[in-house]
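Chains as they are written, first to last, in numbering that gives the first Met the number 0: chain E, 0 to 332; chain X, 0 to 402. Below you'll find the structure, written out as structure tokens, and then a few comments.
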Amino acid sequence: MRSLFRNGNLAIVLIVVVALILPALLSSGYQLRMVSIIWVFALLAMGFNLLYGITGQISMAQQAFFAIGAYGFAMLQAKLGWSPFVALPVAVVIVACVAAVIGLPLLRLRTHYLAMATLAFSLMMVGLTNRWVDFTGGSAGIQIRTITVGDWSMSRAELYYTLVIVAAIGLVIHNFIISGHLGRAMQAVRDDETGAESLGVNVTAVKLRVFVLAAVYAAVGGIGYGLISRQVNPSFGEFPVIVSLLTIAVVGGLGTRFGPVIGAIVVVLAPQALARFGEFETLIYGLCLGVFLIFLPNGLSGVMERLGARMLRPSSAPGRRSVTKNIVEGGAR
Amino acid sequence: MTRIGEGLLKTSSLAIAITALMAGSALSKDAIRICSIDDRSGAAADTGNESYRGLKMAVEAANAAGGISGHMIEMIEYDGKTDPQLSASFAARCAEDDNALLIVGGNPAGPAAAILPIADEYDIPFFMLSAGTDNLTDNPAPWLFRFGPRNAQDAIAYAQLLDEQGFKKVALIYNTLPFGLDSAAAAREHLAEHGISVVAEEGYDIAATDLSPQVLNLKASDAEAVLVFPYPADGARVLKTLDQLQVGKPVIVSRSALLKTLREIAGPASDGILIPNTVDTAREDVQAFFQAYEKAYGEETQPTLYPVIGYDAGMIALQVMARPEVVEAIESGDIQAARTALRDGVLAQAEFKGLQGKEAASYSFADDKRHGSPDQDWFTFTTVANGGVDLVPPDLSKFVPAR
């Protein structure tokens, strides 16, 4: 039974079951769109969590990979006439290659230097998508057609279920990595690169792998977002996306197993729920974020995981550590 | 308010009311919902707020006259915060959950571009306001109608003016946001058509605080005038730098300089600049509109295109709503049929008179032409006076090449 609880596997199963039932409880396509976007942002945030929350590498290029994935998927279809089933993996491979190429030199940098260098890359991408109008469509972007095979076209609900499955796979990989040898190496790199190297961790290889993996998560999310939005435009790579990502990290909990999912739920739904407050919406949103930063440094995921751990802890051994141990040590900053 | 102007403004409202009454009446009927999605608190909040107020004036006038066939008009407003994806989600909400008849909004290009595919997906008319990016209306978009001018139309207007005033060489400076880039591209094309060469060109990041290097390059060139394509805050920085470095060349600034924010920040540095505007203040109905606007919102407002675009979009929507086929679809409770009838009604009527443009000009829409404004007789020019406070008609005899 404990193996079921270990590493949050049961939680993943519960999340997927709820996600699969959810469409039956929703009353409109708009609501389905919103829950679909939650999974897109969850995927994007999982990559960021691995890269920053677990490995300690602050990258501001996630939104650029998000956009490149979506643009690659759209342009391979629009310009070369490729099938979406071919365009999708090729777009992801393109993003992985770009991440590897820029990751090699950039990952020599640390902390805010890395953040600035990756931010510069993002700004270049935004400039490119806006300025190269003939190629990228400029600010109007490129339309993405619904995936169609013969007479069958992917409906909103089918797209949602596909996203749930992809996000669930992403979550399993995310948690598997955190729990395994690579996850421990990542945490060692985050805590002390020199110390990790002295213990035999190939720091460069670990950082590069995670950087590429995070880019792949972002690319898959970007493609999903493109399919939901039925277009890709320069805003996919712009600042509001990284702001959303950082907000997910704060609200969900950085370095936690389920922070990306919980944070994405809040970040996607909060602006919709607060719309009724009109002019006070931004104020309320900002105040709530302040509360999270001050009182819940591990985010909602941290709170929930601690509560879960307390419930599962045998009463005869109060000092014993929980088997779930979902908050990765030192993960939340 | 002059009597003639007041009369003209009231006549248009009355026309809608009469048409609505002719189409049928009822004492209490379901409200017709119109969604407004615009930037109310982001980088382009001035445009969004002013357009929203203009739209609200049109709706309130219709409601005061009894609505459309007894149906009151209910406005649902969303603040897109210049965030394209948030705007797109609100668009889906308007179409699905709110059951709106149409969406009005889209002042910045990014959110407008994001709303477009949603409007197509849900088959809901989208009345796009001042987003100027040319190719927004290039792609097939059956539910889109644009009410503001395209950037190319601004470029046509000032290229004509520069040509008439004897200019041969100009310099461009623009922010690297879509609006700046698109405006600069349109300028290059249309200036070349008039034999005017671009002898210096500088792009800058919207967040750049020191624009001296760019402005010094423009000053060093032999340009006879400077064309600026900014957003409000960065535009003010450009104007202040031009002033501080005593560039001494005539300046044309894009329509963003119509916004109070730019002129307030730039202050006296904005005096004398020339701005293309689609509001002809010589028109009495335009004067009456702005007097009514100031009365309604209790603040002095300069005559800019933003409130007028919202008002025109609202008035045209109301005119088409009053058509019998649209009313019939609304009364049948079939919102999709009503949306289709509204779209077809706009195309069927094809030409609309509004407050934008010169007296003789009108909006015209067709299957393959979704931007309503014509290339000619649409723009006037205005200049800034009194320390950035007032927009007044320019003295073009002083707008001549710097030697």
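Glycine included, C-beta positions come from ideal geometry on N, C-alpha and C. As the structure is a prediction and not an experimental result, all values here were calculated from the model.
Shown here, Y362(X) sits in a strand according to DSSP, grouped into three states. The DSSP-derived three-state label of H193(X) is coil. Within the stretch 275 to 303 of chain E, the residues whose Cβ lies closer than 8 Å to any Cβ of chain X are, in chain order, G277, E278, E280 and T281. Scanning its chain for C-beta atoms nearer than 8 Å, with the 5 sequence neighbours on each side dropped, one finds around V198(X) the residues K168, V169, A170, S220, D221 and A222, in chain order. Contact of N134(X) with chain E by beta-carbon distance below 9 Å involves V132, G136, G137, S138 and A139.
Put simply, of N138(X), S86(X) and E358(X) the residue whose alpha carbon is nearest the alpha carbon of K368(X) is N138(X). Apart from the 5 residues on each side of it in sequence, Y284(E) sits with its Cβ closer than 8 Å to the Cβ of A269, P270 and L273 in its chain, given in chain order.
The residues G68, A69, F72, L87 and A90, in chain order, have a CB closer than 7 Å to that of I222(E) in the same chain once the five nearest residues on each side in sequence are set aside. A distance below 7 Å between beta-carbons, with the five flanking residues on each side excluded, links A98(E) to the following residues of its chain, in chain order: F64, F210, V211 and A214. Residues of the stretch 179 to 197 of chain X with a C-beta atom less than 8 Å from some C-beta of chain E are L180, D181 and A184, listed in chain order. Among the bridge pairs identified by DSSP, L143(X) is matched with F125(X). Note on geometry: alpha-carbon atoms of L190(X) and P148(X) lie some 18 Å from one another. CA-to-CA, the gap between R236(X) and L54(X) works out to about 31 Å. Annotation for P88(E): the continuous alpha helix (DSSP H) segment containing it runs P83 to L105. One finds S88, A91 and R92 in chain X with Cβ atoms closer than 9 Å to the Cβ of M33(E), taken in chain order. Taking a 10 Å sphere around the C-beta of Y112(E), we find fewer than 16 other C-beta atoms and assign the residue as exposed. Residues A151 and A154 of the same chain have their beta carbon placed closer than 8 Å to that of E188(X), with the five preceding and five following residues left out of the count. The continuous beta strand (DSSP E) containing G104(X) extends over residues L101 to G104. Across the stretch 110 to 124 of chain X, CB contacts with chain E closer than 9 Å involve P110, A111, A112, A113, L115, P116, I117, D119, E120 and Y121, in sequence order along the chain. In this structure, the beta-carbon distance from G220(E) to G258(E) does not fall below 8 Å.
Taking a Cβ-Cβ cut-off of 8 Å, Q61(E) has no neighbours in chain X, whose nearest Cβ is about 15 Å from it. At a cut-off of 8 Å between beta carbons, N138(X) contacts chain E.
Judged by beta-carbon spacing, I75(X) lies beyond the 8 Å limit of A61(X), meaning their Cβ atoms are not closer than that value. Taking 4 residues as the shortest admissible run, the stretch 205 to 278 of chain X contains the following complete alpha helix (DSSP H) segments, listed from N- to C-terminal end: 211 to 219, 231 to 243 and 259 to 265.
Taking 8 Å as the cut-off, the Cβ atoms of D204(X) and T175(X) count as close. Boundaries for K206(E): no beta strand (DSSP E) harbours it, while the alpha helix (DSSP H) harbouring it runs V202 to S228, taken from the DSSP string. C-alpha of L346(X) to C-alpha of I315(X): approximately 12 Å in a straight line. DSSP links E200(X) through a beta bridge to L171(X).
The way I'd put it, the stretch 347 to 361 of chain X doesn't touch the stretch 83 to 96 of chain X; fewer than three beta-carbon pairs between them come closer than 8 Å. With the rule of 3 Cβ pairs closer than 8 Å, the stretch 256 to 263 of chain X counts as touching the stretch 31 to 50 of chain X. Around the Cβ of L282(E), a 10 Å sphere holds fewer than 16 other Cβ atoms; the residue is exposed.
Residue state for S178(E) is assigned as helix, using DSSP reduced to three classes.
Measuring C-alpha to C-alpha distances from Y224(E) to each of I14(E), W38(E) and G137(E) identifies W38(E) as the nearest.
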